[in-house]
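Quick note, the sequences are listed as chains A and B, same order.
Our numbering applies: residue 1 is where the first sequence begins, and numbers increase by one.
Our numbering applies: residue 1001 is where the second sequence begins, and numbers increase by one.
Read through the structure below, which is laid out as structure tokens, and then see the notes.
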Amino acid sequence: MKRAITLTMTLTRDWMKGTTPSSSQGLHTTIKRIISIFTGLSYNLIGIVLLLGIWHVVSLVTDGELPGPIATSSVFWELISNPVYDYGPNDKGIALQLYSSLSRVFTGFILGSIIAIPIGLLMGANSFCRKIFYPIVQILKPVSPLAWFPIGLVAFQSASDATIFIIVITSLWPTLINTAFGVASIPDDHKNVAKAFGFSKWKYLTKVLLPYSLPHIITGLRLSIGVAWLVIVAGEMLSGGMGIGFFVWDSWNALSLEKVISAILIIGLVGLLLDRVFSYLEKKVTYSI
Amino acid sequence: MSYLKIENMEIAFNSLKGKFVAVKDINLEVEKGQIISIIGHSGCGKSTIMNAIGGMVFPSKGKVVLNGKEIKGPGPDRGIVFQNYSLLPWLTVYQNIFQAVDAALRNKNKSEKHELSEKYLKMVNLWEHREKYPKQISGGMKQRVAIARAFAIDPEVLLLDEPFGALDALTKASLHIELLKLWNLTHRSKTIVMVTHDIEEAVFLSDRIVVMNNGPAATIREIEEVHLPRPRNKKDTVNLPEYKIIRERLLNLLIEKVALDESEFYKEERAA
């Protein structure tokens, strides 16, 4: 494979030498880039084929108890080819289910971030606040999201709001901890500049504290959205009604493992997409030294 | 009455092992417009003295008086050039200077602040690089930005903490000239206090050189007067007999200890 690529590269190089010597360099790098993208994709492809292979073997071994890739793919296709139908409360298209889950995830995630970022900033900047909040964080952080569900039900009297509540309370920790860490790790050099030139509180916040800690905050948000997406599926299994988690549970009750597996794939893909978005943001705000 | 005066200063820090005295019995008087170097081995507390003038640390005994007023904290009358440039990496070269000017000179309006930033950036020949970020320019350029930033707030005293320590010899030499140029352009009215461990640099730039004893609890060992004519330049000044005499003397003051150790070594060798 690698040999083939090198060969193509050599061939193209020779071919271009003969034709356009002036722009050959630019074209050459473009071709190189295209080749490297294809190499990357081919690795992904190998991984996916491997996964499908294992899946197929497991399906054969369990004698079809677990539906194989081929059986699942037709169901998967059915799901995504008609994503927005609505035939009553227990029969809605997959896109509607996803939309419902995502809107809960984002509501919870945004509320959580609104709470987490200011507290994180305070904890990082002020050792008094750090000492006060630290034990609270330590105790509440390891609690399983589902343990909060009854509290949410009592507080909000609605299963849907309780789901949002558990997203809030479990997704705020990574953002909070990363923000606090980012602010606490501002180098003395930067602080001394602010001190020596008499930066006002506002200027210190906007020109030193936030620019330094923003990459840390975004990393926290990236972890938080990941947690939120993990929690929503479990939360909706409990809350019922609508959403991708409910869809999984409902499909299990209808004994359609094909649908369950399709939903798992979709959950995975959406999770990947969310992660990519935040990873892109992370790169955007990271300054290099 | 001198302009900048350090009286019986002792600076101590509280550490886990108890009180640690960095420097003590420091008495120093500096005239306006003088260039003073503080020289000594690592850990002799020379940066501590400078930080006390800068208002970043406070004396445990004695005081620092500038212009008849005791120093109680940092202020725009003192501009600091830090050891490792200390530019903010997320701001452009121009913004690094402008934000400092903006913070330090509260009674000027925006356009005056922009004019000042531009003026000093041009003085260090970095106007074309104003939109670059610190990581995109060389170490020498970074230090020029830091020097321009310190000058731009128009302080009365400039504090330079081993400003050229991280630079190669050629860049260092050109920055010495650059610094003297800025000092001349501001009518030699600015008092400069510089910490260094480079003897040649101290002799070339200073009017007086404060030689420190080794720490902890370091004291001033000696103060050398440098009467080399100004303007100084690298070609002629370094060939003057006085330059060589002062350099010799400083060398002896600072590396005496090493020579002693070696004689001990030879003695033992001979005995063996």
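Note that beta-carbon positions come from the ideal geometry of N, C-alpha and C, so glycine has one too.
These numbers come from a predicted model, not from an experiment.
Would residue i pass as an interface residue toward chain A - the criterion being a Cβ-Cβ separation below 8 Å?
| i | result |
| --- | --- |
| residue 1107/B | no |
| residue 1052/B | no |
| residue 1229/B | no |
| residue 1056/B | yes |
| residue 1014/B | no |
| residue 1074/B | yes |
| residue 1028/B | no |
| residue 1103/B | yes |
| residue 1059/B | no |
| residue 1089/B | yes |
| residue 1100/B | yes |
| residue 1080/B | yes |
| residue 1004/B | no |
| residue 1153/B | yes |
| residue 1084/B | yes |
Assign residue i to one of two classes, buried (16 or more other C-beta atoms within 10 Å of its C-beta) or exposed (fewer than that).
| i | result |
| --- | --- |
| residue 1142/B | buried |
| residue 250/A | buried |
| residue 1013/B | exposed |
| residue 234/A | buried |
| residue 18/A | Residue placement at residue 18/A is poorly supported in this model, since its pLDDT is 43, which falls under 50; the coordinates are not used for a value here. |
| residue 61/A | exposed |
| residue 1004/B | buried |
To which residues of the same chain is residue i closer than 6 Å at the C-beta, ignoring the five residues directly before and after it?
| i | result |
| --- | --- |
| residue 138/A | none |
| residue 1254/B | none |
| residue 1045/B | 1022, 1023, 1215, 1218 |
| residue 1195/B | 1038, 1046, 1047, 1050, 1161, 1162 |
| residue 246/A | 236, 240 |
| residue 1009/B | 1026, 1059, 1062 |
| residue 248/A | 260, 263 |
Looking only at its chain, what residues have a beta carbon closer than 7 Å to the beta carbon of residue i, apart from the 5 residues adjacent to it on each side?
| i | result |
| --- | --- |
| residue 1129/B | 1093, 1137, 1141 |
| residue 282/A | 215, 218, 219, 222 |
| residue 1057/B | 1011, 1048, 1051 |
| residue 291/A | Past the edges of chain A, shown from 1 to 289, lies residue 291/A, and the structure says nothing about it. |
| residue 238/A | 146, 149 |
| residue 72/A | 258, 261, 262 |
If I follow the unbroken alpha helix (DSSP H) through residue i, where does it start and stop?
| i | result |
| --- | --- |
| residue 1098/B | 1093-1104 |
| residue 1154/B | Where residue 1154/B is concerned, there is no enclosing alpha helix (DSSP H), given that its DSSP letter is neither H nor E. |
| residue 126/A | Where residue 126/A is concerned, there is no enclosing alpha helix (DSSP H), given that its DSSP letter is neither H nor E. |
| residue 1075/B | Element bounds for residue 1075/B: n/a, residue is neither H nor E. |
| residue 78/A | 69-81 |
| residue 247/A | 244-253 |
| residue 285/A | 257-285 |
Provide the residue span of the beta strand (DSSP E) that contains residue i, from first to last.
| i | result |
| --- | --- |
| residue 1008/B | 1004-1015 |
| residue 1078/B | 1078-1081 |
| residue 238/A | No beta strand (DSSP E) contains residue 238/A, which is instead part of the alpha helix (DSSP H) from 210-239. |
| residue 1194/B | 1191-1196 |
| residue 1024/B | 1018-1030 |
| residue 1212/B | 1208-1212 |
| residue 65/A | Segment: none, residue 65/A is in no beta strand (DSSP E) and carries neither H nor E. |
Any Cβ of chain B within less than 8 Å of the Cβ of residue i?
| i | result |
| --- | --- |
| residue 198/A | yes |
| residue 216/A | no |
| residue 207/A | yes |
| residue 183/A | no |
| residue 203/A | yes |
| residue 284/A | no |
| residue 92/A | no |
| residue 189/A | yes |
| residue 193/A | yes |
For residue i, which residues from the same chain have a beta carbon less than 8 Å from its beta carbon, with the 5 sequence-adjacent residues on both sides left out?
| i | result |
| --- | --- |
| residue 1250/B | 1039, 1199, 1202, 1203, 1209, 1211, 1224 |
| residue 229/A | 105, 267, 270, 271, 274 |
| residue 140/A | 169, 173 |
| residue 302/A | Here chain A covers residues 1 to 289 and nothing more, so residue 302/A does not appear. |
**Asked** Which ranges does the beta strand (DSSP E) cover as unbroken runs of at least 3 residues, wholly within the segment 1230-1255 of chain B, from first to last along the chain?
**Response** Counting only runs of 3 or more residues that sit fully inside the segment 1230-1255 of chain B, no beta strand (DSSP E) segment turns up.
**Message:** List, from N- to C-terminal side, the alpha helix (DSSP H) runs of 4 residues or more that fit wholly inside the segment 1109-1149 of chain B.
**Reply:** For the segment 1109-1149 of chain B, whole alpha helix (DSSP H) runs of length 4 or above, ordered along the chain, are 1110-1123.
**Message:** Short of 7 Å Cβ to Cβ, which residues in the segment 1136-1149 of chain B face chain C?
**Reply:** Protein chains A and B are contained in the structure displayed, whereas chain C is not.
**Message:** Ignoring anything shorter than 3 residues, give me the beta strand (DSSP E) runs that lie fully in the segment 1027-1058 of chain B, in order along the chain.
**Reply:** 1035-1039, all fully within the segment 1027-1058 of chain B.
**Message:** My parser needs the alpha helix (DSSP H) runs of 4 or more residues fully inside the segment 133-202 of chain A; what are they?
**Reply:** Listed in chain order, they are 149-156, 159-184, 188-196.
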